[in-house]
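Note that numbering that gives the first Met the number 0 numbers the sequence shown so that position 42 is 41, with each residue one more than the last.
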Amino acid sequence: MLNMLTTKQAIKILNCSISSVAPKMANLGIYPIRESFSNGKRNFYPVTEERLRELIAERQKDPIKIANQQAQALGALEVVFGVRRPVGDRNEINR
Numbered sequence: 000m001l002n003m004l005t006t007k008q009a010i011k012i013l014n015c016s017i018s019s020v021a022p023k024m025a026n027l028g029i030y031p032i033r034e035s036f037s038n039g040k041r042n043f044y045p046v047t048e049e050r051l052r053e054l055i056a057e058r059q060k061d062p063i064k065i066a067n068q069q070a071q072a073l074g075a076l077e078v079v080f081g082v083r084r085p086v087g088d089r090n091e092i093n094r
């Protein structure tokens with residue numbers, strides 16, 4: 000059990016709820032090891048606190064990438080609400 004995090008420790012590090020821990024850890028490529036005890040089962044994650052923090056830092060997105068994603072989303076919303084026409088619209092091709 001050395002170098003393993005419990006679910007409670009992972010919650011504290013990730014700053015999320017108990018239901019969000021498993022998907023967040025899976026996104027980082029860390030899967031739980033289940034251990035049975037007399038009072039039930041527990042999940043342990045085979046990672047140290049330092050390594051988990053490193054993985055989180057690596058996963059943080061680049062600000063330029065975030066800006067590009069926001070611009071694409073805004074463009075899609077403008078098309079949906081009719082503020083502008085989509086690029087490559089069929090009406091433009093037939094003109």
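Backbone N, C-alpha and C fix where the C-beta goes; we use that ideal spot for every residue, glycine too.
Exercise. Beta carbon of I63, beta carbon of P45: below 8 Å?
Worked result: no
Exercise. So F43 and L4 are in contact, right, with Cβ under 8 Å, and what is the actual spacing, rounded?
Worked result: 7 Å
For this session: Return the chain-ordered list of same chain residues with a C-beta closer than 7 Å to the C-beta of A9, the five sequence neighbours on each side being excluded.
Result: V20, M24 and Y44
Exercise. So, using beta-carbon positions, are L54 and L76 closer together than 8 Å?
Worked result: no
For this session: Kindly identify the DSSP beta-bridge partner or partners of R33.
Result: N42
Problem set entry | Rounded straight-line distance, which links the Cα of L51 to that of Q69 | 28 Å
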